[in-house]
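*Asks:* Let me begin by handing over the structure; questions about it come next.
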Amino acid sequence: MEQKWQESWQDNKVYSFNPESGREVYSIDTPPPFTSGTLHMGHIYNHTWIDIAARYKRMRGFEVYFPQGFDCHGLPTELKVEKELDVKKEDRELFISKCAGWTEKAIKRMKKQFNDIGYSADWSLTYRTMDEDYKKLIQETLLEFYRKGILYRAKHPVLWCPRCGTALAKAEVGHIEKEGRLYHIDLECSGHKLTIATTRPEMMPACVGVLVHPGDERYQKFIGKKAMLPVYEREVPVLGDEAVDVDFGTGVVYICTFGDEQDIAWQKKYNLPVIEAIDSRGCMTAVAGKYAGLSIEEARRKISEDLVEDGHIRKIEKLRHSVLSHTERSNCKTPIELLPMQQWFINVKDYLKDVVDASSEVSWYPPFMLQRMVDWTEAMDWDWIISRQRVFGTPIPFWVCECGQIMSAEDLGLELPVDPRGDVRECSECKNTKACGVGDVCDCWIDSSVTPLVIAKWQRDDELFKRAYPASLRPQGYEIIRTWAFYTIYRCMILTGETCFKDLLVNGMVAGPDGRKMSKSLGNIIEPEEPLKKYCADTIRQWAAGGTLGDDYPFSWEECDHSQRFLIKLWNISRFIEMHLKDYRKGDAVELRDVDYWILARLQNLIGDCTRNLDSYVYNIPLTDIRSFIWHDLADNYLEMVKHRLYKEEIYGKDSRYAAQYTLNRVLETILLLLSPFTPHISEEIWSSLFGGTCSLSNWPEVDEDLRREDALGNGDLLVELVSEIRRYKSDNKLSLGAELELLEVQADNKVASKLKGLEEDLKATGRIKDLRIKVSDKVDGFELEIR
RNA sequence: GGGCUCGUGGUCUAGUCGGCUAUGACGUUGCCCUUACAAGGCAAAGGUCCCCGGUUCAAGUCCGGGCGGGCCCACCA
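Residue numbers for the first sequence follow numbering that gives the first Met the number 0, beginning at 0 and rising by one.
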């Protein structure tokens, strides 16, 4: 029946945002998944949390603003279109339309998957980063950054992926540990051998200096001299610098433009020339002489062979080291080169303190995740390279003339969005028709890092913006704190002067059933189709709710089994209750018994605990508590202890039966409400047949303090304990639980005896006892039983 | 190397402000069809709470040190 409810929710627009309701808006800045064509378990996990939050807040009386967008641009789509549809990038317009078409289909599939788990987003609010409106807004923000002087174009060594043929941001690269070689190469220096150690001999043509530590006695004498490079017969200065590690390799390092970030720092510090030895395809340039045109790996092999042959190599040792590689949002893993290139940048370095301040204003769940943001921000030493040499992306709205003049779409009086690629304009400076539209597109994070503005309709709908910005909640995984969270906080702060969200809910990653990170090589990947085929959505949702804030969480078939069994149990409980509520009429005067007060008191505690936890985005504990209450307190104990009152009105009286009905009705009503955010389908199904109306739009239950009676808790617990003793006796004596007992004699102290006064009837009936005797005795502590 | 985080029966897990016999699930074993449910119920076995030290009347919990995972960052050219 889940599909029935999903369709009903969608068709009747049950969860549509209503700006007229007058309720306080609770807006959710949901993560737009990349449109790969399918959701993975991580999405199921994360978005179930989001949906629980949305459903809970709705029941708490908020007007929940719950859009779901899609992040469309990206290299994987380009690669798929090239391969599957055999369309070439060079045919730009066709290529882009094919990418868009492919993405449309992907979104359709992914949207269905969202609906399959009972996702309560308002699909009329969906945004897609490839839409014209969306690109328009992105370009507006870029122009604003340009006007503020934060967006600039410059030639600078950039992180370059030779395989993907594009510049990358720091956040897109990481280190991969690899087995490499450390080459010890002799250089000639005033009649002596000076031996450098390097992992990259192919960088030799770009060598512009040799460095030693100024305190290193072995090499002090060389400082200020010139060293002769083998093969190239070129002299470079020998310099002394504190940053050289005397213990690594030979303690002599050669600096090349550019081998790593340290080279950039040294080149700047000593004002050394820049030699570009590697081109954008990852091949050696003309300066490499006889190695020109070779790939990096070929050149490395070749030059090391030549150096060995000529006797310049003293030693080659194996070395495990980390290689900067293209690791994020791509399975490319190609080593990164640092190439000086004209690129577009956004100045972040001058705003890092503001980002830290803004991040600190956000309430982080769990709080320690703030530290990750602070660490990342404080370690940031590069501006953000936003240009990508790709095709399917948001174009950068500028024209650059050969003379160096830059003109924005605004300068040209053009309406956004624009696609300047291939467009040539007259330069406003030199008046030549040589201003070419920028051929690059934006980094995907440029698209996605203004989602709080997009959803709140920034500069489009001031009324909505006032109510929906800052977003109430930003849910996301910890792996994109340094990207999505960082960039969003930064850009929205620049654009609005405000921190863009109030609460930041951080989830961990979904691990495989073996507890290890899901990966192809471990063969432990679970696709959502698999569990969704076997279990229903309310089951998967319970699994997802079991995760803890910020922690990685394994997928578990056992947990699904248990969750599924719980649903069946709940179904049977409600069937039982429904059966006994057929003739129940609400509103008559009710005289509750001790056991009734007991279950109702426990229910009040449950409501309080659940509310407290859900308010701080903790889901695993309340779900466990609710399930335990239903299974054990309600089903195992309460139901068994009131059956006699329900079935035998002629013995126990009409009032007693009515009190039990009243209690059952109230308990069932409340637990369905508590469960609704977690298991909306079954809650709705039972609710609709028993109570009418829409469970998930009802008010969240409030604690009734009058029912929170300590004495009722104590009395009920005593009854549970006694019943448990009787069950143990029957179990030990291989009797069925329905077997009648001749005698139960309770020796009780005064305290227990007085508690038992209101429980005798229930004890006798539940235990099937013919003769119940209670004797007050000061010899016992609590109670002692004699059973026959 | 730095930061964060975790370590609880065979496996996973709860444990707030230190407080009685350490929670629950899965699995295992025995028994039982209880006028909702055998996809159930009742019960049993199973623990040096990673180790060492400290604070305290009292430590799984707080502090210090160590060991071992995980994640992030930085790197060694």
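All residues carry an ideal CB built from backbone N, CA and C; glycine is no exception. The structure displayed is predicted, hence computed values, not measured ones.
Buried or exposed: where does residue 809 fall if 16 or more other Cβ atoms within 10 Å of its Cβ makes it buried?
*Replies:* As shown, the chain starts at 0 and ends at 787. That puts residue 809 outside it, with no answer to give.
*Asks:* Please list, in chain order, all residues of the same chain as residue 609 whose beta carbon is under 6 Å from its beta carbon, the five residues on each side excluded.
*Replies:* Counting only Cβ-Cβ distances below 6 Å, and skipping sequence neighbours, we find 621 and 673.
*Asks:* Per DSSP, what kind of secondary structure is residue 342 in: helix, strand or coil?
*Replies:* Reduced to three states, the DSSP call for residue 342 is strand.
*Asks:* Output the distance between the C-alpha atoms of residue 317 and residue 179, rounded to the nearest integer angstrom.
*Replies:* Roughly 6 Å between the two C-alpha positions.
*Asks:* Closest to residue 634 by CA distance: which of 468, 604, 786 and 571 is it?
*Replies:* Of the listed residues, the one whose Cα sits closest to residue 634 is 571.
*Asks:* Quick check on residue 506: does DSSP put it in helix, strand or coil?
*Replies:* Strand.
*Asks:* How long is the line joining the alpha carbons of residue 308 and residue 215, rounded to whole angstroms?
*Replies:* Going from the Cα of residue 308 to the Cα of residue 215 covers about 30 Å.
*Asks:* In the DSSP assignment, the alpha helix (DSSP H) including residue 658 goes from what residue to what residue?
*Replies:* Segment 653-674, the alpha helix (DSSP H) holding residue 658.
*Asks:* CB residue 204 to CB residue 276, shorter than 8 Å?
*Replies:* Yes, they are a contact pair.
*Asks:* Measure the beta-carbon distance from residue 495 to residue 448 and round it to whole angstroms, keeping in mind my assumption that it falls under 8 Å.
*Replies:* At roughly 13 Å, the Cβ-Cβ gap does not stay under 8 Å, so residue 495 and residue 448 are not in contact.
*Asks:* Comparing C-alpha positions only, which one of 395, 91, 313 and 159 sits nearest to residue 409?
*Replies:* Out of 395, 91, 313 and 159, 395 has the C-alpha closest to the C-alpha of residue 409.
*Asks:* Got a sec? Which residues, its chain only, sit under 7 Å from residue 792 by beta carbon, not counting five neighbours each side?
*Replies:* With the chain represented from 0 up to 787, any question about residue 792 goes unanswered, as that position is not in the structure.
*Asks:* Thinking C-alpha only, which one of 658, 779, 109 and 493 is nearest residue 148?
*Replies:* Of 658, 779, 109 and 493, the residue nearest in Cα terms is 493.
*Asks:* Does the separation of the CB atoms of residue 235 and residue 209 fall below 8 Å?
*Replies:* For residue 235 and residue 209, yes; Cβs fall inside 8 Å.
*Asks:* Given that a residue counts as buried once 16 or more other Cβ atoms are within 10 Å of its Cβ, and exposed if not, what is residue 23?
*Replies:* Exposed: under 16 other Cβ atoms inside 10 Å.
*Asks:* Does DSSP put residue 253 in a helix, in a strand, or in coil?
*Replies:* Residue 253: strand per DSSP, three-state reduction.
*Asks:* Within 10 angstroms of its Cβ, does residue 140 collect 16 or more other Cβ (buried), or is it exposed?
*Replies:* Per the 10 Å Cβ criterion, buried.
*Asks:* What's the C-alpha gap between residue 428 and residue 142?
*Replies:* Rounded to the nearest angstrom, the two C-alpha atoms are 20 Å apart.
*Asks:* Would you call the CB atoms of residue 772 and residue 741 closer than 8 Å?
*Replies:* Against a cut-off of 8 Å, the Cβ pair of residue 741 and residue 772 comes out as no contact.
*Asks:* Quick one: measure Cβ to Cβ for residue 422 and residue 436, integer angstroms, because I've assumed they're closer than 8 Å.
*Replies:* Right, their Cβ atoms sit about 4 Å apart.
*Asks:* With distances taken from CA atoms, which of 624, 404, 774 and 574 is nearest residue 667?
*Replies:* Out of 624, 404, 774 and 574, 574 has the C-alpha closest to the C-alpha of residue 667.
*Asks:* Whose C-beta lies closer than 6 Å to the C-beta of residue 342 among residues of the same chain, with five residues either side of it excluded?
*Replies:* Answer for residue 342: 157, 166, 384 and 386, listed in chain order.
*Asks:* Only counting runs of 3 or more residues, tell me where the beta strand (DSSP E) segments fall wholly within the segment 194-231, in order along the chain.
*Replies:* Entirely contained in the segment 194-231, the beta strand (DSSP E) runs reaching 3 residues are, in chain order, 206-211 and 225-228.
*Asks:* Counting C-beta neighbours from all protein chains within 10 Å, is the total for residue 535 16 or more, i.e. buried, or is it exposed?
*Replies:* So residue 535 ends up on the buried side.
*Asks:* State the DSSP-derived secondary structure class of residue 16, mapped to helix, strand or coil.
*Replies:* In this structure, residue 16 counts as coil in the three-state DSSP scheme.
*Asks:* Taking the alpha-carbon positions, what's the residue 292 to residue 299 distance?
*Replies:* C-alpha separation (whole angstroms): 12 Å.
*Asks:* Are the beta-carbon atoms belonging to residue 768 and residue 736 less than 8 Å from one another?
*Replies:* Against a cut-off of 8 Å, the Cβ pair of residue 736 and residue 768 comes out as no contact.
*Asks:* Looking at residue 200 and residue 120, is the spacing between their C-beta atoms short of 8 Å?
*Replies:* Going by C-beta atoms, residue 120 is not nearer than 8 Å to residue 200.
*Asks:* Return the CA-CA distance between residue 738 and residue 641, expressed in angstroms with no decimal places.
*Replies:* Taking the straight line from one Cα to the other gives about 17 Å.
*Asks:* In the segment 269-317, which residue ranges form an unbroken alpha helix (DSSP H) of at least 4 residues, counting only runs that do not cross its ends?
*Replies:* With a minimum length of 4 residues, the continuous alpha helix (DSSP H) runs that stay inside the segment 269-317 are 295-308.
*Asks:* By the DSSP assignment, the alpha helix (DSSP H) with residue 564 in it spans what residues?
*Replies:* Per DSSP, residue 564 belongs to the alpha helix (DSSP H) from 556-579.
*Asks:* Please work out which residues of its chain come closer than 7 Å, Cβ to Cβ, to residue 189, disregarding the five sequence neighbours upstream and downstream, and give them in chain order.
*Replies:* Only 224 meet the Cβ criterion.
*Asks:* With burial defined as no fewer than 16 other Cβ atoms inside 10 Å of the residue's Cβ, what is the status of residue 723: buried or exposed?
*Replies:* Classification of residue 723: exposed, given that the 10 Å Cβ count is below 16.
*Asks:* Using 8 Å as the threshold, is the C-beta distance between residue 26 and residue 479 below it?
*Replies:* Not a contact, by the Cβ cut-off of 8 Å.
*Asks:* Whose C-beta lies closer than 7 Å to the C-beta of residue 99 among residues of the same chain, with five residues either side of it excluded?
*Replies:* If we look at residue 99 and ignore the five residues flanking it on each side, its Cβ neighbours are 129.
*Asks:* Can you tell me the Cα-Cα spacing of residue 352 and residue 699, whole angstroms?
*Replies:* Each residue's alpha carbon lies about 41 Å from the other.
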